[in-house]
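Only one structure is covered here, and it is reproduced in the block below.
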Amino acid sequence: MYRDLSAPREKPSEYYIRKLKLLHTAESYTETELILAIMEGAPKYWHLVIDTSTLLHTVDLQDKIIYHEDALMYGPGSSSDGFERLEKSHAHLVGFHKDLGKPLFPRDDKTLAKGKSPEEKGARPCQHCGSSKHWDNECRY
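If you want it as structure tokens, here you go:
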């Protein structure tokens with residue numbers, strides 16, 4: 001498989017070489033069988049980029065993989081997408097703040113939360129009216 005646990009950050013051309021070596025050690029295949037076996041372990045979107053029906057030799061597949069390497073590395077669902085998103089992600093603190101100020105509207109305890117209220121969840125009260133019986137988006141103000 002492409003980018004399995006043994007090679008999580010490999011390039012498509014590196015996958016091709018690794019897979020071809022493995023297949024040559026296992027048994028003897030025809031060129032077409034090698035192409036199909038290599039593509040079988042590749043992500044599905046590779047088939048959108050590389051048309052294997054026109055390929056006669058594994059060298060032709062290698063040429064296509066090298067030519068389209070960037071598209072194959074960063075396509076939809078590629079594991080590198082997840083790595084890069086995680087590396088670039090940031091967390092932002094949200095929630096209670098001491099200086100929220102006074103609510104602009106009178107307290108409205110008649111409006112009740114549809115599920116658990118901020119009071120039951122231990123969260124801050126409504127920022128519009130100061131009631132702990134409903135959430136901000138449920139406030140009539």
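Note that the sequence shown ends on residue 141 in full-length UniProt numbering; no numbers are left out. Quick reminder that beta carbons are idealized off the backbone N, C-alpha and C, glycines included.
| said: Let's see if you can read the secondary structure: which residues bound the alpha helix (DSSP H) around I50? | reply: Element bounds for I50: n/a, residue is neither H nor E.
| field | Inter-residue spacing [alpha-carbon to alpha-carbon] between D63 and T54 | value | 13 Å
| message | Residues in the same chain with beta-carbon distance under 7 Å from Y29, minus the five sequence neighbours each way, listed in chain order, please. | response | Excluding its 5 nearest sequence neighbours in each direction, Y29 has C-beta neighbours in its own chain below 7 Å: L23 and A37, listed in chain order.
| Burial state of A42 (16 or more Cβ within 10 Å) | buried
| Going by C-alpha distance, which of E27, A26, P12 and V59 is nearest I35? | Cα-wise, what sits closest to I35 is V59.
| said: Is it buried or exposed, D108, if we count other Cβ atoms within 10 angstroms and call 16 or more buried? | reply: By the 10 Å Cβ count, D108 comes out buried.
| Do you know offhand how far residue 142's Cα is from I65's? | Since the first residue shown for the chain is 1 and the last is 141, residue 142 is missing from the structure and cannot be characterised.
| query | Does DSSP put R18 in a helix, in a strand, or in coil? | reply | helix
| message | Please tell me whether L72 and P8 are closer than 8 Å, where the distance is taken between their beta carbons. | response | no
| query | How would you call H134, buried or exposed, if buried means at least 16 neighbouring beta carbons within 10 angstroms? | reply | buried
| request: Identify whether A37 lies in helix, strand or coil by the three-state DSSP scheme. | output: helix
| request: Tell me whether A7 sits in a helix, a strand or coil according to DSSP, three-state version. | output: coil
| query | What's the C-alpha gap between Y15 and M39? | reply | 10 Å
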